[in-house]
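Peer 1: Please find one structure pasted underneath; my questions will follow.
2 protein chains.
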Amino acid sequence: MKKDLPSATSEQGLAHKLASSGMRMTAQREHVYHTLLQQTDHPTADEVYLRAKSAMPELSMATVYNTLDALVKCGLIKQVNVERTASRYCSNMNEHCHFFCEECGSIHDVDFKKDKGELPLKLPRNLVPTQVDISLRGRCADPLKCPNRNRN
Amino acid sequence: MKKDLPSATSEQGLAHKLASSGMRMTAQREHVYHTLLQQTDHPTADEVYLRAKSAMPELSMATVYNTLDALVKCGLIKQVNVERTASRYCSNMNEHCHFFCEECGSIHDVDFKKDKGELPLKLPRNLVPTQVDISLRGRCADPLKCPNRNRN
DNA sequence: ATTTATATTTAGAATCATTCTAACTATTGA
DNA sequence: TCAATAGTTAGAATGATTCTAAATATAAAT
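Quick note, the sequences are listed as chains C and X, same order. First residue of the first sequence? That's 1 in the numbering used here, and the numbers climb one at a time after it. First residue of the second sequence? That's 1001 in the numbering used here, and the numbers climb one at a time after it.
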């Protein structure tokens, strides 16, 4: 399995993006961010906590929540809410949306087409959207064999 | 203000839809359903509880939750999750999506265009969606004057 | 009508994810 | 090196929702 070491690129990107939101770079933030980059499987805060804690045992849950918030605010990760259970976090920052398999609980990224025109909505002039969210639910081809079964 | 009495139509629709999901018609369910029809403003479970309770004081919160679930399962109402706070409920069953104003907290229904083609997604063959959800966030023209300010 | 089986309601306890608190520690800039 | 500020921590608190177990209502079958 390929586990990238913290790359200079992502470190600098992190420090820079944090700074430009008036936030400091810390060991915890760096570590949580890299934990997210290593396994791009839409973990919950709790899962991030468990993964990150193994290499940084003093890490607290509160810091994980704080850091995830910070990273979302910096535009380095996305918060994914396809279910009403715990939020999940996504380090894929390409524009995409999410498919939730109701059978196996996995979440799959779905890209937009190159030329995505306008959405077919009768949007009144008085409503000005800054964000559009599309989410799909259904089943993957074979949920029982899904490699992401209950984990993606 | 126009408050429709329980119409024969909606009562029968309710009884029938409940029955076809193997559920019984009860006074509580009827009352909660009509409470939802009377004010189509995306109330939370708690708000439904307060409104419904005034005319049926013995009503419990648990029953409101049970009933809302039942109505969602019967296809008589929709659960709306534009925020991670309490779910809201919508009795508009025309196909539509929701706009959430981050300024005033109001939720507005947005209809689809007649001919909504396909969504511009690169959907892999192995993912079969049964449901597509679009949600918008932004601001309404004048959130301060929004008639639905913090309540819609 | 009575009985029986099953569904529903209820209050309150329990749960889960998340946020808050207040003391402590680290980082930055003067 | 010090002061100011930001970040971390454990644990308590919160809020929405679900669970529990006893009481009640409904429907179906005598």
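In this text, a Cβ means the ideal position worked out from N, Cα and C, and glycines have one as well. Please read these numbers as outputs of a predicted model, since none were measured by experiment.
Determine the burial state of Ser20(C): buried for a count of at least 16 other Cβ atoms within 10 Å of its Cβ, exposed for fewer.
Peer 2: Exposed, because fewer than 16 other Cβ atoms sit within 10 Å of the Cβ of Ser20(C).
Peer 1: Do we get a CB-CB distance below 8 Å when we pair His1108(X) with the residues of chain C?
Peer 2: Yes, His1108(X) counts as interfacial toward chain C.
Peer 1: Go ahead and pull the three-state DSSP assignment for Thr85(C).
Peer 2: Coil, per DSSP.
Peer 1: Do the CB positions of Lys116(C) and Cys74(C) come within less than 8 Å of each other?
Peer 2: For Lys116(C) and Cys74(C), no; Cβs fall outside 8 Å.
Peer 1: Exposed or buried, what is Leu144(C) when buried is set at 16 or more other beta-carbons lying within 10 Å of its beta-carbon?
Peer 2: Counting Cβ neighbours within 10 Å, Leu144(C) comes out exposed, since fewer than 16 surround it.
Peer 1: Starting from the beta carbon of Asp133(C), find every residue of chain X whose beta carbon is closer than 9 Å, and list them in chain order.
Peer 2: Per Cβ cutoff of 9 Å: Val1082, Asp1133, Ile1134, Ser1135, Leu1136 and Arg1137.
Peer 1: Taking all protein chains shown into account, do 16 or more other C-beta atoms lie within 10 angstroms of the C-beta of Leu1005(X), making it buried, or fewer, making it exposed?
Peer 2: With a pLDDT of 46 at Leu1005(X), under the threshold of 50, the modelled position of this residue cannot be trusted; read the value that follows with caution. With fewer than 16 Cβ atoms within 10 Å of its Cβ, Leu1005(X) is classed as exposed.
Peer 1: Around the C-beta of Ala70(C), are 16 or more other C-beta atoms found within 10 angstroms, so that it is buried, or is it exposed?
Peer 2: Ala70(C) is buried by the Cβ-count criterion.
Peer 1: Our contact map puts Val80(C) next to His42(C) with C-beta atoms below 8 Å; I'd like the distance itself, whole angstroms only.
Peer 2: That belief holds up - the Cβ atoms of Val80(C) and His42(C) are roughly 6 Å apart, short of 8 Å.
Peer 1: Return yes when the Cβ of Asn92(C) is within less than 8 Å of the Cβ of Asp109(C), no when it is not.
Peer 2: Yes; because the gap between Cβ atoms is below 8 Å, this pair is in contact.
Peer 1: Quick check on Ala52(C): buried or exposed, where buried means 16 or more other Cβ atoms within 10 Å of its Cβ?
Peer 2: With 16 or more Cβ atoms within 10 Å of its Cβ, Ala52(C) is classed as buried.
Peer 1: Helix or strand or just coil, what does DSSP make of Thr1026(X)?
Peer 2: Looking at Thr1026(X) - three-state DSSP - the assignment turns out to be coil, as it is neither helix nor strand.
Peer 1: Using a C-beta to C-beta distance shorter than 9 Å, which residues of chain C count as neighbours of Leu1144(X)?
Peer 2: Ordered by position in chain C, no residue passes the 9 Å Cβ test against Leu1144(X), which lies about 13 Å from the chain.
Peer 1: For Ser1010(X), name the three-state secondary structure that DSSP assigns.
Peer 2: DSSP places Ser1010(X) in helix when its eight states are reduced to three.
Peer 1: Indicate whether at least one CB of chain C lies closer than 8 Å to the CB of Pro1043(X).
Peer 2: So no, Pro1043(X) is outside the interface.
Peer 1: Alpha carbon to alpha carbon, what distance is there between Lys1078(X) and Gly1138(X)?
Peer 2: Distance between the alpha carbons of Gly1138(X) and Lys1078(X): 22 Å.
Peer 1: Listed from N- to C-terminal order along the chain, which residues in the region 110 to 128 of chain C have their beta-carbon within a distance smaller than 9 Å of any beta-carbon of chain X?
Peer 2: Residues passing the 9 Å Cβ filter: Val110, Asp111, Phe112, Lys113, Lys114, Asp115, Lys116, Gly117, Leu119, Pro120, Leu121, Lys122, Leu123, Pro124, Arg125, Asn126, Leu127 and Val128.
Peer 1: Looking at the secondary structure, which residues open and close the alpha helix (DSSP H) in which Leu1068(X) lies?
Peer 2: Note, Leu1068(X): alpha helix (DSSP H), Met1061 to Cys1074.
Peer 1: Tell me which residues share the same chain as Ala1015(X) and place their Cβ nearer than 7 Å to its Cβ, disregarding the 5 neighbours each side in the sequence.
Peer 2: Excluding sequence neighbours, Ala1015(X) sits near Met1025.
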